[in-house]
Amino acid sequence: EGKLDAKDITKDVIEENLYTSHLPQPSADMILRTSGEKRMSGFLMWQSAYSELIFLDVFWPEFRKIDLMRAIRTFQKRKRRVGK
2 EGKLDAKDIT KDVIEENLYT SHLPQPSADM ILRTSGEKRM SGFLMWQSAY SELIFLDVFW
62 PEFRKIDLMR AIRTFQKRKR RVGK
């Protein structure tokens, strides 16, 4: 048991087996990356396909409410295309 044939692997099967599958909306609308790095390092690869990525030049320990508010404002100004 616990084996799948390649023909049985579908988008739904993958999504059902992700760490975030129990969440009401397993994909993120916005992902914040602190530290100034402009990469995701494999974080939530499947779930972030249509996420808006916000990169901040502040390190996590110094992250403040104002930084979150600026990120939300940036997100609100973006025109989301969701793969279009």
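The numbering of the sequence shown is my numbering, which starts it at 2 and goes up by one.
The beta-carbon is built from N, C-alpha and C at its ideal position, and this holds for glycine as well.
Just so we're clear, the structure is a prediction, and the values are computed from it rather than from any experiment.
In three-state terms, what does DSSP make of residue i?
{"i": "M46", "result": "coil"}
{"i": "F56", "result": "strand"}
{"i": "I10", "result": "coil"}
{"i": "S69", "result": "The sequence shown places Leu at residue 69, not Ser. L69: helix per DSSP, three-state reduction."}
{"i": "Q77", "result": "helix"}
With C-beta atoms as the reference, is residue i less than 9 Å away from residue j?
{"i": "K39", "j": "F56", "result": "yes"}
{"i": "M41", "j": "I73", "result": "no"}
{"i": "F60", "j": "T35", "result": "yes"}
On the DSSP bridge list, what partners appear for residue i?
{"i": "R34", "result": "F56"}
Quick one, which of the options has its alpha-carbon nearest residue i's?
{"i": "K80", "options": "M70, K66 and S52", "result": "S52"}
{"i": "F44", "options": "P25, K66 and T21", "result": "T21"}
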